[in-house]
Structures are given as structure tokens and as C-alpha cells.
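Colleague: Next up is a structure, given as C-alpha cells.
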Amino acid sequence: MYNIVAASFGEIFLKGKNRGKFEHKLIEQINYNLKEFKDLSIYRDFGKVFIETKNEDDMDRIIEKTRKVFGIVTISPSVKTGKDPEMIIEKSIELFSYLKEKQNIKTFKVKTKRGDKNFPIKSMNFSAEVGSRILAAFNDVSVDVHNPDVEICIDIKNNCYISSEKIKTVGGMPVGSCGRALLLLSGGIDSPVAGYMIAKRGVEINALYFHTYPFTSERANEKVKQLKEILEEYCGKIKLFSINMLEIHKAIREFCREEETTILARRFMMRIAEKIAGENNMEMLITGESLGQVASQTMKSMTVIENAVEMPILKPLVGMDKTEIIDRAREIGTYETSILPYDDCCSVFAPAHPLINPKLNSILKSEDKLNVDELVESVLLTLEIL
Amino acid sequence: MEVYLDNSATTKVKPQVLRQIVDINENYYGNPSSLHRMGLEIEKKIKQARKSAAKIINAKPEEIYFTGGGTESNNIAISGILYGAGTEQNVVTTRIEHASVYNTCSYFKDKLEIRYVETDKMGRIDIEGLKKLVDQNTALVSVMHVNNEIGIVQDLNKIVKIVKDKNKSTKIHVDAVQSYGKLNIDVNNLPVDTMAFSSHKIHGPKGVGGLFVRSGIKLNSITFGGGQERDVRPGTENTPGIVGFGEACELVYSEFKEETNKLDELKRLYAKRLSEEISDMKINSSMEDDGAPHILNVSFKNIRGEVLLHYLEQKGIYVSTGSACSSRTKGNRILEALKLDREYIDGTIRISLGYFNNADEVEYVVENIKNSVNEIRKIMK
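Chains as they are written, first to last, in this note's numbering: chain A, 30 to 415; chain B, 258 to 638.
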């Protein structure tokens, strides 16, 4: 029945002069999400974006993928027609009949929006006309303007679009409308959610993954790649950098106290992330930290870790409970991948009793025993793009 | 340099085998059940493959059934026997069986009693214990010939004699996946009832295996279909796989003595050189007559087998490890059953040899294991 999807934007409307640019980003992202479909036409008509397909069978999957585009707030599967009033009426009856076969409809309402004021019949009058023709065609339904079972919406723009439902989507702002940031992506539950939340606010994200091969398996890379691919359904193309931290872990293990390992390693990760972000025109870092979740995520630990870099670190999950994060990960679709068992020896470099209240001074003293800059440079040589 | 030392996991197909597989796909793609000439031509080739597979264990061709692999063969035999067993009966097996035996037996645990015979540090079955476990109600004894992790060879003659002495009607199933084509097996002088084996462990293709079922033994079917393989394994035959398997058997048969000697010498050379070069190392495999010629299991103190594996893969050397880091899920069932020392169990790797290995590789491998172990020990100290 449906041959087109109408997408409405949210906050882009508020952005005045930038609107053209935002709409452009949005269409770019829609194109990216729908790249697998043939015979699509994507265009603007009176402030909405329309995705038209010649293959009705693709409709459900097009809706599913369009739902994931940040910046769209609702989408409506619609029937596109020309603007001949009689044709609109016929198509409306046809759509009503289609809906009636699928669900039990006793009452309905017709609503017309006339964006194109050249359309000869006024909205109210046209709604009444369509309504009476539906009543004439089906004798077991009646009009209810307050609480109808179904609402037939006739949207008259350069073309006419008839729909009956609005599907809520992920919201947010078009990716790329709000700058670029680097996500520290592990294989866990939290970091993909953190990336999602920042991308949702219009930020183009790239990701950085740390491993300690051969103390971890190459299979762990595959898991992170999978997570990246799931995020790309929302965020568009993500560049995934990887760094081998082994040399740093070896140095920490050799020269520093075991309980400081995590804090020291995290400080190195931030430094490396800052470098990579800086060299790739990214302005901020993103982590999946949530206050108090583990030893390195206490107030004191976070302070000491942040102190290693100047670049701001966004922590969108900081006030969320683990259960909330898990719920969100399930919604996004990363959870099932995140919980796959890690095929590595993760615990080799994790201290048995990590510090919970590290003191900056003593951490700095420990770092004096390491050649920090040289270590950072040496692991940067392991940079790969996965 | 690439040195593949994971031949107990799977092997590289020999070129002659590959040619057969291609030939069948190109020229003999008919269905053996078809009445026309193409059906007949491929049927004849399968008949030949059955002979080739049979002679490796001195069986009659009609006692060989082609299956989808070792796992399927074990399932068909064990389930085929136990479906017909009564609830008062029991099955005797070990804790070091391959998952396709261990889990198939476990599947029947609500129906009948599963008895586990103890094994020693080397994996040898406790013969006295076996004597006690087998009784008038024992429906099945299922043991592996060669253990895939450690390479111990069970004394099948002794086991069979003890079982049949205690209960003539007890069926004996042998998982011979690791020994088929590697050890002398003569079912004419070894009264087992069923025996499972696989093609891809002897440089044949994957997805095909065999089951020996002694004449007169009737198995309950676990799959149902069009009568192929005399209903033991219905479904259109994997003709390229079966013919390729047959070719692999012929090649094994023709050079059996030289090959097994070569493997055994290689194994001893690896054991000797590793012991000379690396301290705090244990050889878990038997170096006596009851050690399979192609499996050498060794442990290094204070390292992690997985990490060593990843170090070696960087040098093109491929080994395997059954052990997982002890912090995670339970370690390896088999290695635990073998009661390796705690400080050694995490540092276990298996070197398993095959046709394409040779003595020229040994120094390269030993050198890299030595360097990697030293490096890992330095980091993990």
C-alpha cells in the first residue's frame, strides 16, 4: 500500500540560518542508512524529507533503518498521489480499506494540512468531503473527531501524501551538525552507549580501541568491529582506530606499583586518544564512565585520569545506573554483542586490588619513573585502522 | 615461514585428494541413487572409497558407513545403542572423552546411569576401576582410542577383554578419530562393536567421516530419510567428500609405516629440544608406547597458553591450547581430569603433527617457543 516515508525533523527547525546545512547532513545520513536499497528517491517537500521507493516490499526495512537516523522525530508511512481532489479521495478510501482489513476500525477522523495554499478546497471542507465519502463506502464506521480508532492525514504539499500513523524515532540532531569527537570504545556494554548518546546530539564520532595483543586475541578486534558496525546504523561511517598498549603495560608492570596499573594505563589511554583526536580534527573525547561503577570511575580516579589531558572528556553515562545503561544498550542493539565472552586473557594486567582513591602526586611520581612521551610515541606506531 | 602444528584440530588436504574432489564435482556430479549411468558411475566410486576406508582398520567394506564427520559418527553409535537400552542399565565412559561422546552420553543421564572410569595423570584408564564398573546392566562402554588433548593411547585389547569377560552383551564403542590412520587398528582381532573416525584428521576433506558397525549389530536410527548408507546415515551422499576421503585413506595406507615413524621421530625431537632449551617445562604426553605419534602436549610454568599461542602465530607457527585462563569460566574439562599442576595448567599447549611437517621446522619452532616463553615470563613475573 505505502510507497513513501515522510520524515519530520525536530530541533533542526530551531536552528535558523543553519537549517539548510542541517537538512543536508540529515539527508546525507538517510542516504547512508538506506544505501542497500535500489530505486529510492529522497527529496524535500515543504520542510519534510520524503523517501520514495518503487519496491513496496522494502517498506518495512526502510522504516526500520530510517528510524535510526538522528534528527528525525517521527516518520509516517504514506501513500503519494497527485493533487487532483478526486484522486486523493479515491486513494484515501483505498488506504482506509487497507487499514480496516488489518485492524478493527469503528471510528475515524480525517485531517487535512494544506501546505500548498493553491489547492482549491479549504482544509476543513476537504476533510469533511473525504470523511463523507468514506462513510458512504463503509456502512459500519462512524466519525469521531476526539478519539478515533484511526486518523487519515492528508498532507498537501507539492505532492499529496496520505498517512495514518506517526512512528516515533530516535530523535536528536543530524550527525555532523555539531562537531567531531573520539570515542574510547572497548568491547564492553558502556562505551557503545556513550558513543550513541553523543552522536545523537549531532556529533560525528570516530572510535579508538586499545588492546594488548598477543595478550589479547585478534578475535576481540572482531567484536569491537561488530559494535562499530551497529553504531554506524545510527552514527554514519565511523573510523575505528586501534592501538596496542602492550609496551605501556610492560613498562608499568616493570617500574610501578601493581595497584596503580589501571589509573596509569587510563592516563596513557587519554593521552593517546588526545593525540589521535587532535591529529584528526576531533575536539573532544568520549568515554563510557559511570560514576562509582569500578575503581577507575570514582570521583578521585576520574579526576586523576582527566588530569593527564587538556581535551575535554564527555561522559554521557556518568549519572546512569548499570541497569539503565543495559536497557539503553538493548534498545540500541549493542548489548548482545557486548556480552559475548572476550576471547582473551583480560585479567593479566588488571591489578587484584586497584586504587580507589588515587593521589595525583603519587601517580605523577610513578610516572616520573616512566618515559611517558617516548612510550606514547612508541605505541602510536602500532596505530591501525580496523 | 609457516609451520602448522594443529593437525589434531584439522589437517591440510593433500593435493591428490583435492584433485579427486574437483574431479567428482566436475565430472561425476550425479546422485548415486539415480538409476541412470551417472548414478552408477559415482556409486562405483563410493564403493571403492568404502573399501579404502575399511582397510585402514581391516574391516569389511560393508561394515563401513559414511557420515558427516567424527561427531556425527559418535552420535549415531552412542545414541543408536542407548535408545535401545533399558532404564535399569548403565553406560561406562571417561571424563576425557571428546565432547561428541561426553555430551551424547550426558544427554541420556535422566534415562540411565552414567559411570565414569577414572584416568591417571597421563589419561590412562584405570583398568581395575573399569572391572568394577562394568556389570550385568552395562549397555555400553564408550572410550576413545587416542585422547585428542594429550595423545594417550588406551590399551583397547585389555579394555575389550575385561568388558566382554564381565558382560558379553555390553556394546563397546571406540572413538578412533585421533588414531584412525595413525595407529595400527585391526577390528578383526579387536572385538569392538562400533568405531568412529573422520576424514579431515588424515588430510581428507571436512564434513565427512565414517562409522564402523560390526556385522550383526543393529543401531537405532537417529535420523530418518531415503535409506542411504543403509539407513544409518540417510541423506544424499557427500560424494566429493567421500571420494576425497577414500583417496586420503589410500595415501595413508600406502605410506603408513614411514609416516607414523616420521611423526613419532618428530614428536621425540620436539620433546627433546624443548626440554633442553626451556626450564620449568613439563611434557604431559606419554613418550612410551602408549603415546600417540602425532600429539605432544607440554606445559610451561607461569605463562598462559593462549598468550603463547598468539606470540607464535605472529611467527607463522600454529599450535593449540585447550586451557582457558583460570580466572574465566572453568578451565578445560580434559586437562582438569588429567590433574595437571595448577601452576602449569594455564601454560599448556598442544603440538600436533601431520603429513606436511618435517624436521627442518623443529629448530625454528623451538627457538620461537623459547623466546616467546622467556618474553611472557618476563612480563608476567
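Glycine included, C-beta positions come from ideal geometry on N, C-alpha and C. Given the structure is predicted, the values throughout are model-derived calculations rather than measurements.
(1) Given 8 Å as the limit, is there contact between the stretch 541-554 of chain B and the stretch 397-406 of chain B, that is, 3 or more CB pairs closer than that?
(2) Take Tyr225/A as the anchor and find which of Thr366/A, Gly201/A, Lys142/A, Thr291/A has the nearest alpha-carbon.
(3) Chain B beta carbons: is any one of them nearer than 7 Å to that of Pro243/A?
(4) Among Glu545/B, Asn631/B, Leu508/B, whose alpha-carbon lies nearest the alpha-carbon of Met379/B?
(5) Report yes if the CB atom of Ile608/B is closer than 7 Å to the CB atom of Val576/B, and no otherwise.
(6) For a minimum of 3 consecutive residues, which ranges assigned as the beta strand (DSSP E) are wholly contained in the stretch 565-621 of chain B?
(7) Please list the segments of the beta strand (DSSP E) lying wholly inside the stretch 268-355 of chain A, counting only runs of 3 or more residues, in order along the chain.
(8) Got a sec: does the ligand NAP put a non-hydrogen atom nearer than 6 Å to the Cβ of Lys268/A?
(9) What does a CB cutoff of less than 6 Å around Leu55/A pick up in its chain, not counting 5 residues either side in sequence?
(10) Within the stretch 196-235 of chain A, note down every full beta strand (DSSP E) run reaching 3 residues or more, in order along the chain.
(11) Run down chain B in chain order and give the residues with a C-beta less than 9 Å from the C-beta of Lys279/A.
(12) For Ser536/B, which beta-bridge partners are listed by DSSP?
(13) Closer than 7 Å, Cβ to Cβ, to anything on chain B: give me those residues from the stretch 246-280 of chain A, in chain order.
(14) What number of angstroms, rounded off, separates the C-alpha of Glu276/A from the C-alpha of Asp537/B?
(15) Along the alpha helix (DSSP H) that carries Ile281/B, what are the first and last residues, could you check?
(16) Among residues of its own chain, excluding the 5 on either side of Ser584/B, which ones have a beta-carbon nearer than 8 Å to its beta-carbon?
(17) Scan the stretch 543-567 of chain B for residues whose Cβ lies nearer than 9 Å to a Cβ of chain A and list them as they occur along the chain.
(18) Cβ closer than 9 Å: which chain B residues qualify as neighbours of Arg282/A?
(19) Throw me the rounded Cβ distance for the Asn625/B and Ile574/B pair, which I believe falls under 8 Å.
(20) May I have a chain-ordered list of the alpha helix (DSSP H) segments no shorter than 4 residues that lie completely inside the stretch 145-184 of chain A?
(21) When you compare only the Cα positions, how much space is there between Val465/B and Thr366/A?
(22) Give, in chain order, every unbroken run of the alpha helix (DSSP H) that is at least 4 residues long and sits entirely within the stretch 465-543 of chain B.
(23) According to DSSP, is Leu404/A part of a helix, a strand, or is it coil?
(24) So, does the CB of Cys374/A fall closer than 7 Å to a CB anywhere in chain B?
(25) Could you tell me the distance, in whole angstroms, from the CA atom of Glu261/A to the CA atom of Ser126/A?
(26) Taking the alpha-carbon of Val349/B as reference, which of Ser330/B, Leu369/B, Val500/B, Phe557/B has the nearest alpha-carbon?
(27) Rounded to the nearest angstrom, what separates Arg162/A and Leu63/A at their Cα positions?
(28) Using the Cβ count rule (16 or more neighbours within 10 Å means buried), how would you classify His430/B?
(29) In or out: Ile414/A buried (at least 16 other Cβ within 10 Å) or exposed?
(30) May I ask you to report which of helix, strand or coil DSSP gives Asp86/A?
(31) Using the C-alpha atoms, what's the distance from Thr82/A back to Phe12/A?
(32) In angstroms with no decimal places, state the Cα-to-Cα distance between Pro462/B and Ile321/B.
(33) With a cut-off of 8 Å, do at least 3 Cβ pairs link the stretch 409-417 of chain B to the stretch 380-396 of chain B?
(34) Does the beta-carbon distance from Tyr612/B to His460/B come in below 7 Å?
(35) List, in chain order, every chain B residue whose beta-carbon is nearer than 7 Å to that of Val179/A.
(36) For Asp373/A, does the count of other Cβ atoms within 10 angstroms reach 16, so buried, or fall short, so exposed?
Modeller: Reading from the atomic positions:
(1) Touching, per the Cβ criterion.
(2) From the listed residues Thr366/A, Gly201/A, Lys142/A, Thr291/A, the smallest Cα separation to Tyr225/A is found for Gly201/A.
(3) True, the Cβ-Cβ gap to chain B drops below 7 Å.
(4) With distances taken between Cα atoms, Met379/B lies closest to Glu545/B.
(5) Yes, these two residues count as a Cβ contact at 7 Å.
(6) Here the runs fully enclosed are 605-609.
(7) For the stretch 268-355 of chain A, whole beta strand (DSSP E) runs of length 3 or above, ordered along the chain, are 269-273, 313-315.
(8) The model on display carries no ligand, and the ligand NAP is accordingly not part of it.
(9) Same-chain partners within the cutoff: Gly100, Pro203.
(10) 209-213, all fully within the stretch 196-235 of chain A.
(11) What Lys279/A touches in chain B: Lys635, Ile636.
(12) DSSP, once it has assigned bridges, lists no residue as partnering Ser536/B.
(13) Listed by position, the residues of the stretch 246-280 of chain A near chain B (Cβ gap below 7 Å) are Ser246, Lys279.
(14) Using only the alpha carbons, I get a separation of about 26 Å.
(15) From DSSP, the alpha helix (DSSP H) with Ile281/B extends over 272-284.
(16) Residue confidence is low: Ser584/B scores 36 on pLDDT, short of 50, so the model does not pin down where it sits. Its coordinate-derived value is still stated next. None.
(17) So the close ones are Arg561, Glu563, Val564, Leu565, Leu566, His567.
(18) Within chain B, the residues near Arg282/A are Ile636, Met637, Lys638.
(19) Contact between Asn625/B and Ile574/B is confirmed by a C-beta separation of about 6 Å, below the 8 Å threshold.
(20) Counting only runs of 4 or more, we get 152-166.
(21) Taking the straight line joining both Cα atoms gives about 32 Å.
(22) Restricted to the stretch 465-543 of chain B, the alpha helix (DSSP H) segments that are unbroken, complete and at least 4 residues in length are 496-511, 513-534, listed in chain order.
(23) Leu404/A: helix per DSSP, three-state reduction.
(24) The pLDDT assigned to Cys374/A is 42, lower than 50, so where the model puts this residue is not dependable; a value taken from the coordinates is nonetheless given after this. So yes, Cys374/A belongs to the interface.
(25) For Glu261/A and Ser126/A, the gap between their C-alpha atoms comes out near 38 Å.
(26) Nearest option by C-alpha distance: Leu369/B.
(27) Here the alpha carbon of Arg162/A sits roughly 37 Å from the alpha carbon of Leu63/A.
(28) Buried.
(29) That one is exposed.
(30) In the structure shown, Asp86/A adopts helical secondary structure according to DSSP, grouped into three states.
(31) In the structure as shown, chain A begins at 30 and stops at 415. Residue 12/A is therefore absent and cannot be evaluated.
(32) Their Cα atoms are separated by approximately 18 Å.
(33) Short answer: they touch.
(34) Yes, the pair counts as a contact, with Cβ atoms nearer than the cut-off.
(35) Correct list: empty, because the minimum Cβ distance to chain B is about 51 Å.
(36) Residue confidence is low: Asp373/A scores 49 on pLDDT, short of 50, so the model does not pin down where it sits. Its coordinate-derived value is still stated next. It counts as buried.
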